[in-house]
Every structure is written in structure tokens, then in C-alpha cells.
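Going by my numbering, the residue at position 291 of the sequence shown is 294; the numbering climbs one at a time, nothing skipped.
Shown next, in C-alpha cells, is the structure this report addresses.
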Amino acid sequence: MALYNDSFVERVKSGLVELLPSWGISEIAEIHLLTVSENATFLVRDSNVAAPIILRVHRPNYHTRDEIASELKWIDALRQSNIVVAPAPLALKDGSFIASFTDLASPDEERERYVVAFEFIKGQEPKADDKLTEGFETLGAISARLHQHAENWPLPKGFVRKRWTYDTALGDKPLWGSWRQAIDLTQEDEALLETLCDVLRSKLNDYGEGSDRFGLIHADLRLANLLVDNGALSVIDFDDCGFSWFMYDFAAAISFYEEEPYIPELQSAWLKGYRSVRALSLADENMIPTFILFRRLLLTAWVASHSETETAQSVGLGKFTKGTVALARRYLASLEKQNVDTPAKILEMNAFDARTSMLSSSVERRLDNFGASSVLFYRAPIEMVEAKGAWMTASDGVTYLDFYNNVPCLGHCHPSVIDAVSQQMAKLNTHTRYIVSIVDDYIDALKRTLPNELSNIVLTCSGSEANDLAMRLAGKVTGGSGFIVTECAYHGNTAYVTEVSPSAMKKGVLPPHVIAIPEPSTSNYGVDIEAGFAHRVKTAVDELRERGVKVAALLLDSIFSSDGVYYQKGGFLSSAVDVIRNAGGVYIADEVQPGFARTGETFWGFEAHHVFPDIVTMGKPMGNGFPMAGVATKPSFLATYCQDVGYFNTFGGNPVAAAAGLAVLNTIESEGLQVNALKIGRYIKDRLSDIAEQSNIIGEVRGAGLFFGIDVEENGAPSATLSIQLIDQLREQRILAGAAGKHGSTLKLRPPLCLTPSEADFFLEGFQRAVRALCDNPNRKGDL
4 MALYNDSFVE RVKSGLVELL PSWGISEIAE IHLLTVSENA TFLVRDSNVA APIILRVHRP
64 NYHTRDEIAS ELKWIDALRQ SNIVVAPAPL ALKDGSFIAS FTDLASPDEE RERYVVAFEF
124 IKGQEPKADD KLTEGFETLG AISARLHQHA ENWPLPKGFV RKRWTYDTAL GDKPLWGSWR
184 QAIDLTQEDE ALLETLCDVL RSKLNDYGEG SDRFGLIHAD LRLANLLVDN GALSVIDFDD
244 CGFSWFMYDF AAAISFYEEE PYIPELQSAW LKGYRSVRAL SLADENMIPT FILFRRLLLT
304 AWVASHSETE TAQSVGLGKF TKGTVALARR YLASLEKQNV DTPAKILEMN AFDARTSMLS
364 SSVERRLDNF GASSVLFYRA PIEMVEAKGA WMTASDGVTY LDFYNNVPCL GHCHPSVIDA
424 VSQQMAKLNT HTRYIVSIVD DYIDALKRTL PNELSNIVLT CSGSEANDLA MRLAGKVTGG
484 SGFIVTECAY HGNTAYVTEV SPSAMKKGVL PPHVIAIPEP STSNYGVDIE AGFAHRVKTA
544 VDELRERGVK VAALLLDSIF SSDGVYYQKG GFLSSAVDVI RNAGGVYIAD EVQPGFARTG
604 ETFWGFEAHH VFPDIVTMGK PMGNGFPMAG VATKPSFLAT YCQDVGYFNT FGGNPVAAAA
664 GLAVLNTIES EGLQVNALKI GRYIKDRLSD IAEQSNIIGE VRGAGLFFGI DVEENGAPSA
724 TLSIQLIDQL REQRILAGAA GKHGSTLKLR PPLCLTPSEA DFFLEGFQRA VRALCDNPNR
784 KGDL
């Protein structure tokens, strides 16, 4: 039976008439019903009193007297601290704040009605129009102030309010009734919403109730509970305040408007305002869609249990149910897409899994030694014993054409590097605190390949160290801490660099000072990749600013190797670099993968984009297998950084490393390896494109020089499973390959720069046989 019928409202008015003198109001004062929702709210005007007052009559058997008293204590604390503008609770003549009357026409357990009075505040409910974003930015800031206050406010003795959790909202004894009683809910709809409940419960449990994300909140900061008067915003109706997640307050703010197309704009505005007051992690922000559905399902229950109210009827009852189902369907679909689009982890691609494979004695030995950090390729790892040129030899005598390892860029065990390292090791090896001619000889030779502005070199031992230093340089020079990278980037494994390496993270999310943007593909940005990518960088800069983070750098692998290898003749980074510099940041070119002539047309990957980096990092092929890496930058950058910290690396820049590095540079030039990479690379790419045209599992072929990315597909969709099968088939053809890309479905190929035409043909013939073997599989359809 509906509670708020006309008869009930008249009985409430009669009860209020008897109470009016308790606030010094005449019994003949005018009483007008304002709203009926969870409670009934009345406006009272007395000609003998200057200002009207608001009386709130509580729904029976919902809030206890102690709960109402606790609400009023929080309002009073907020007002005294100037946290928000809110109507003051008005005391009765006896100094108390809660009155009551008895409704004799109601059942015994529902007879007592609690009543609270508030001062009247002028204003109107904000309109849901395009001007609302400004108000939501203010609302976000107000919410943050409320949450800050809640975190620091010692709860008064006896303070008690309801908890808005999964159990109290959607569990067995929900506070607002069961959503399963929703009007016009079909059996199919109910099954979908049951699935939604399972997902919500799981996500809320995983998110947890830490003090930084869960506490005392308003819990109903929606349009109807805001008043605007000449630009001033007031918060009313704290009746639902209780303990819940802070981000739930945004979901409450858009109550009954969840389906509107402008909600993303309101969310952005709310977050901007929130972050202007209180820090917010990406994990918190990512939970907002979940809280929106959590709140919407709670409202669906409320509409069903309060169908007699004007609010419930205005949203359409059955129409509201259908809207909830539609939102749930989109939400669940988005989660499925996220699962599909979750970037593959770089260390898991083509990786050996001890849980599903037989262990040889050599594998057992490795696992015992390396433990959980062990990373091996293939279902049956290969034990290598020697290598020369483009070939590696396993312990069983099988030789493999190496199309994966880009470290030995000259070819494995190149005699020029062996001789240089051996001779220098026999003569002198020390650190850079002494002057050793070959170190400066090497740096001079390296600088001749770089832009003139980058005239200072710092030598390190690994690309991780190089990128770590580059990030610190960027932060010191710009005064910023924010970094923009691509979604599948891998830049190294120090604590600092791991934060900007999304593909290295098996769990968790990026920290607030890092934003990952989609890779520069036509599927993400259309034909004009440069404009689209630059726009996304600009959006990331703005997003960092909204989080209170100043951007330090745009950090990019110049050929986007971990993202799946993206290259375009003429480049596409110039506009993005302009964006980052205009925002006060710098551009760091990570050349650990594409550097040292691999792309053929240019010595460095960034040159293909016709841009000049502020900082260049390098590693892997730098010593053809000898561990060395480095950073090239402007003297002013290094001078600024060294004012505070300085930099010294015991093994970085040692003479033996310098000898190896100099041998690499000299050999690239003397053997014409950059020209070879260009010539052989074009030949291979053309043949691969021919194979792709005839195959139903090979998609786009990308790359430059001797760096290739080949998409592997199943029915036109990325297939990591098929990619691994193809890698295994290539192994059968005695070819080593790897995987990359968002889905782990891109074949990544990086043969040595010394690759010969006959070795190129060996690869192409083997590749074609491997593709044919997969296409001939009886469990698959289609031909080569």
C-alpha cells in the first residue's frame, strides 16, 4: 500500500499544526507541501515571523532519533567550519532539535513521526542544460571539501548513520526495497541485472573501504538537493548522509539523469572541481561507472517502492526500469571490451609457463635459480650454446635464424666487437673518474650521429637506467612530474620507469601522474594520425592539469615497438611534440629499440618524424651485446639537474664498453649496414605484404628497415592465440620471432642488420610455410 497518499499528507499537516508553537510559529500559519520523496517536506509561512521555515517529516521506521540527531550534528559542524552553505537546523523552544507527533490512523509500528525544522534558503534547483557543467565543477569541489572534513572530523559520541554498501543497497535486506520488484521488469531483464549485481559486488569488494575512499558522505548530492541563487550554490537535504564510498557522491549527483548524453561532460567538470581541493587516484576515477550503476540500481528499487511519489512518477516507472536495463547492458559490454582491450603484458608474450609444460633438467635448474622472476620463451624453452651472425645454435645442434633479438645489431659475436673488447680489457678497464681517451673518442663519434643541440652524453649500463635519468632530467628542468606514454609502452624496470611502462604491469593501474594514450594507428586516429595523436596528447596534458599535475615529458619509443610497431613515411610526431612543448614539457625519444640504423632510412627513429628531441635515450644494440646504454641531452638540462644531485655510474662509460660502442658505430658505417637494412628490409616487407594479401590470418604489415610488425588475425579480429601458434610454427621452420601489441597479436621481427638476401629468403619461405600450416589446420577455415 502506498504511504504518501492524499489522506496521509493531510494527517501530517494536522500533526504539524499541533507542533508549530514548539518553534514559536502560530497554529494558523500557512503550510504548503513542497516535495514528497523519502520524507515529506513542507514550507511554513507565518505572518508574525520574518522568514519562512522548512519542516521535514520523516518516513516512519526508517531513521532512528539518534540517526537524525547525528545528521544535524554533522550539518552544524560543516556550517561552523564554513565547508558548505547549508540550511541551519532550528531548535525548538526547549532547545532540542527533533519533534514528533503521533499519527493514530497508521499501524502501531508506524505512528510516531519525527519532525525537524530548517531555516529557509532562497534558490532554485539548477536546470539540466549546457550551463550545468560550471555548477558541477563547483559541486565537485564541495564534495571534496565534505570528504576532507569527514576524514578529519572526530565523530561525536553516539554518532550513527546508515551505511550505503552493497549489502544495504542491493543485498538481502535493502534499505530502499528490492530492485527485483521494479515495474515492467521481464525475466530476461532480471537475469541481466542479476549479472550486474555479481559484477558490482565483485568490483566493490576489490575496491575496498579504505579511509581514503570510504567515509561519511552526503549520499544524495543530486540536482534536486542543490539550490542556486545569483550564482551561489547551497546544499540541502542531508537526510541520506551516511557511510559510503566518496565517489558514490558523483553517482548520486546525476540521479535520474544517468542516460543523458552530457553526463561525461558533467563527470569531467565534477572531477576537475574535486581535484582542485582533494587528490584523486586513477583507481578512484575508474570506479565512477561502477558507482553510477550501483546508484541506478538502488534508485530502481526506490522507484518501485515509492511509486506513489511525484519523483517516481515523473521518471516514468516502467520506462525507468527499461533505462536501467539499457545502462546495465552498456556497462557490462564496456567491461567485456575492457577485458578484450586490456593490454597484453610484455613479459607474458610467448612466455614459458611452468604450470602447463614439462620441465627439463635445465629448465628446472633455471627456475630454481631465478625463481618467480624467470622469463623464458616458448612452451619448450630452447637451450642455446653459441651464435654467429644471424644464426643461433641450440644444445641439440639445431640452428635458428634470429629474427627476434635486436641487441646484436651487427650480428652475433661480430669479430670487430670481440677484438675491440678483448684488446681494451687486456689494457685497461676503469670508471670515468679518470680520463681514458677511448671513452671520449666514442662519445665524439656518437655525437656526430645526433642533433648538434644534444652535445652532452651520460653513459649508463642499461636502457632502464637511461630512461630513469631522462625522466629525472625532465622533471627537474620543467618543474613537472607528469608523463604521457602509450598504452602498451615499455621503457624499463626501475621503480620510476616501471610507472611509465603499462605493458610491464601485471596488476594495478598507472599512478595519477602518468597517462597512457592509444598507439598511433589508423584504427585509433583515422587517416590523419598526426592530428589525432596530437589531439590526444593535448587531452592528456589537460587531464593531468585537472589532477593537479604539471606535465614533465612526452616519452615515446620512436617506432612504438611494444605497441605493435608503428611507422609512417614522413612521420607523425611533429604536432604532438609542439603540443608538449607549448604545455611546458619536453620530448624524450626512447631509441633503445629503433636506434642505431635499424630503420634503414635514418640512423635514429626520431629522425623519420622530422623532430628534434630534448632528450634521447639509447641502449640494447649500442654495444652489440656488451651491456651499455646512454642519455643524450642539452648541456643546460644536465647543468640544471646536477646543481642538486649530480650523476655518476661506476660501470657506465667504462673503457671496455666504449670500445664495444665505437666498434658498433664503425662497423655500421664500414659494412654499410644502414643501407643493407633499408634494402633488405624493403624486399622483406614487399614479400610479406604479398603473403598478407593471400592469407586470411595475416593482417597489416608495418615497419621500416629491419623492424617489422605483422598483425595476426582470426576472422578479422586480433588473435593472440594464433600469434603464438604462428611463433611456434616459425620455430619449426628454425626461425625465432616474438610478439607485441595491445593484444599480443602482432608478430615482432628484428633480424640483425647484417642479414643477407639468402637469409631473407630463408625467412620468407619459412614464414609462408608456417602460415600455410596454420591455414591448413582442419579446425580452421580458409586458405593461404
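Ideal Cβ placement from N, Cα and C applies to all residues, glycine included.
Computed from a prediction, not measured in an experiment: that's the story for all the values here.
Quick one: grab the DSSP three-state call for residue i.
i, result
"asparagine 42", "coil"
"valine 343", "At valine 343 the pLDDT is 49, less than 50, meaning the model places this residue with poor confidence and gives no usable figure here."
"glutamate 261", "coil"
"phenylalanine 406", "coil"
"valine 573", "Note that residue 573 is glycine in the sequence shown here, rather than valine. Correct three-state label for glycine 573: coil."
"glutamate 311", "coil"
"lysine 450", "helix"
"lysine 509", "coil"
"histidine 415", "strand"
"serine 673", "helix"
"lysine 784", "Residue placement at lysine 784 is flagged as unreliable, the pLDDT there being 38, under the threshold of 50; the coordinate-derived value follows with that caveat. Coil, per DSSP."
"arginine 68", "helix"
"serine 271", "helix"
"glutamine 596", "coil"
"histidine 746", "coil"
"glutamine 3", "This structure does not reach residue 3, given that the chain is present from 4 up to 787, and the question cannot be answered."
"aspartate 531", "coil"
"proline 658", "helix"
"threonine 463", "strand"
"alanine 635", "strand"
Buried or exposed, going by whether 16 or more other CB atoms sit within 10 Å of the CB of residue i?
i, result
"serine 698", "buried"
"proline 523", "buried"
"glycine 245", "buried"
"methionine 631", "buried"
"cysteine 464", "buried"
"isoleucine 31", "exposed"
"asparagine 627", "buried"
"leucine 228", "The sequence given here places asparagine at residue 228; leucine does not occur at that position. By the 10 Å Cβ count, asparagine 228 comes out buried."
"proline 781", "At proline 781, the pLDDT of 45 sits below 50, so the modelled position is not reliable; the number obtained from the coordinates is stated separately. When all chains shown are included, proline 781 counts as exposed."
"glycine 664", "buried"
"valine 343", "For valine 343, the predicted model reports a pLDDT of 49, less than 50, meaning its position is unreliable; a value from the coordinates is still stated below. With fewer than 16 other Cβ atoms within 10 Å, it is exposed."
"phenylalanine 3", "Summary: the structure shown does not reach residue 3, with the chain confined to residues 4 through 787, and so no result is reported for it."
"threonine 198", "exposed"
"arginine 166", "exposed"
"methionine 440", "Inspection of the sequence shows that residue 440 is occupied by serine rather than by methionine. So serine 440 counts as exposed."
Please list the terminal residues of the continuous beta strand (DSSP E) segment that includes residue i.
i, result
"aspartate 232", "229-232"
"lysine 713", "At residue 713 the sequence reads isoleucine, which differs from the lysine that was named. 710-717 is the extent of the beta strand (DSSP E) around isoleucine 713."
"arginine 59", "56-60"
"lysine 391", "387-391"
"threonine 489", "485-489"
"leucine 558", "554-560"
Terminal residues of the continuous alpha helix (DSSP H) containing residue i?
i, result
"lysine 479", "466-481"
"tryptophan 179", "Where tryptophan 179 is concerned, there is no enclosing alpha helix (DSSP H), given that its DSSP letter is neither H nor E."
"arginine 368", "364-373"
"threonine 643", "638-645"
"threonine 105", "First-last for threonine 105: 102-105, but that is the beta strand (DSSP E), not the alpha helix (DSSP H)."
"asparagine 155", "135-155"
"tyrosine 251", "251-256"
"glutamate 128", "Looking at the DSSP string, glutamate 128 is not in any alpha helix (DSSP H), and its letter there is neither H nor E."
"arginine 166", "Neither: arginine 166 is in no alpha helix (DSSP H) and is coded neither H nor E."
"tyrosine 117", "Unbroken run through tyrosine 117 is the beta strand (DSSP E), 115-122; no alpha helix (DSSP H)."
What is the C-beta distance between residue i and residue j, in whole angstroms, given that I count them as a contact (C-beta under 8 Å)?
i, j, result
"leucine 709", "leucine 758", "6 Å"
"phenylalanine 100", "alanine 91", "The pair is not a contact, with the Cβ atoms about 10 Å apart (cut-off 8 Å)."
"leucine 75", "leucine 269", "At roughly 30 Å, the Cβ-Cβ gap does not stay under 8 Å, so leucine 75 and leucine 269 are not in contact."
"alanine 537", "tyrosine 570", "Their Cβ separation, rounded to whole angstroms, is 17 Å, which puts alanine 537 and tyrosine 570 out of contact at 8 Å."
"lysine 751", "glycine 712", "6 Å"
"threonine 433", "glycine 656", "That belief does not hold up - the Cβ atoms of threonine 433 and glycine 656 are roughly 10 Å apart, past 8 Å."
Does the count of Cβ pairs from the segment 736-745 and the segment 479-488 closer than 8 Å reach three? Segments in contact, no.
Does the segment 667-680 come close enough to the segment 640-651 to have 3 or more Cβ pairs within less than 8 Å? no
Any 3 or more C-beta pairs closer than 8 Å across the segment 319-339 and the segment 278-290: no
Is the segment 555-563 close to the segment 593-607, with three or more CB pairs under 8 Å? yes
Cβ contact (3+ pairs, closer than 8 Å) linking the segment 535-543 and the segment 454-464: With a cut-off of 8 Å, the segment 454-464 and the segment 535-543 do not count as touching, because too few Cβ pairs lie within range.
Is the segment 7-22 close to the segment 282-289, with three or more CB pairs under 8 Å? no
Counting pairs of Cβ atoms below 8 Å between the segment 683-691 and the segment 615-623, do you hit three or more? no
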